[in-house]
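Working notes, structure below.
Residue numbers (my numbering): 21 to 173.
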């Protein structure tokens, strides 16, 4: 692990100031940053997600935020639902149930309301096509993978 890398655990639901904790570990909020939140949003309340979005949107101009999110189950195609349901049952059984789902327009609206200058939705299908279409081994990510929010300050 690089010496400059700092792992800072945060409980977004507890209401603590995660940005303050990052700053205490050397993060400079005055410089543009890349903030990635992957595989997290489905475990958080909408209120915690909105708070996180507001804090990231307050960072230096040029900051990019990446967040994955799950579509509501009823928005998933019929062939994807069985795999999702297995994942959902596993998450619940391990004590970490999925609690937040978003339509793309909802998550985009939340990002804009938080203060991001630009926000866009990138589908899992678009990423699979871009990065996996020409693989000789036919490897592809799971079709029920997460969607992406990409937003900039």
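Quick reminder that beta carbons are idealized off the backbone N, C-alpha and C, glycines included.
- Residue 139 sits in a strand when the DSSP states are folded into three classes.
- Distances from the CA of residue 53 to each of 124, 156 and 75 were compared; the closest alpha carbon is that of 75.
- In this structure, residue 161 lies away from residue 146, with their beta-carbon atoms at least 9 Å apart.
- A direct Cα-to-Cα measurement between residue 65 and residue 119 gives close to 7 Å.
- Counting other Cβ atoms within 10 Å of its Cβ, residue 25 stays below 16 and is therefore classed as exposed.
- Taking the C-beta atoms as reference points, residue 88 is found no nearer than 9 Å to residue 33.
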